[in-house]
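Working notes, structure below.
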Amino acid sequence: MILGLTWLVVFQLVGEVVVRVLDVPVPGPVVGMLLLFCLLRLRSYDEGPIVRAGTALLRHLQLFFVPAGVGVVAYLALLGREAVPITVAMLGSWVLGLLVVAWTAVALERLLGKRRDDLGEPPLEPPLESSGGAR
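Heads up: the sequence shown begins at 0 in numbering that gives the first Met the number 0, then just goes up one per residue.
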């Protein structure tokens, strides 16, 4: 367990160093996690120390939300004063994300030359025609 946690911290440190050296606007732990992901994809670790440490951390994932909850409570007055801009920003980013995903899906359909009908879904049955004439 200690060895696995050490590896996780080492990859976080390597990510921090890469970010500082390359001066990229990405958090160091994210780069470290990406490097760790690449390593784990290249090598097969079924029950290695990294996997065991990650599994143990995932079992207690709810504890990682405590600092965020404390921050919300600590800044509750500020959040109350700035509720309108925060709400507009959250809804705006949600709508923007939704539009980008929709635009990307349509662009990929056009790029790949596949329409929704071509994706393997069975075609809809045409409606039965009723005889509209009087007898």
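Beta carbons are placed, not taken as given, at the ideal position from N, Cα and C, and that holds for glycine.
Is it true that the CB of G14 sits closer than 7 Å to the CB of G3? In terms of Cβ geometry, G3 and G14 do not form a close pair [threshold 7 Å].
Which residue wins for smallest C-alpha separation from V8, given the options R19, L34, R80 and V105? L34
Return the chain-ordered list of same chain residues with a C-beta closer than 8 Å to the C-beta of M0, the five sequence neighbours on each side being excluded. P48, R51, A52 and A55
Pairwise C-alpha distance: G27 and V16: Going from the Cα of V16 to the Cα of G27 covers about 7 Å.
Give the straight-line distance between the Cα atoms of A73 and L98, rounded to the nearest whole angstrom. Roughly 34 Å between the two C-alpha positions.
Buried or exposed: where does F10 fall if 16 or more other Cβ atoms within 10 Å of its Cβ makes it buried? Buried, because 16 or more other Cβ atoms sit within 10 Å of the Cβ of F10.
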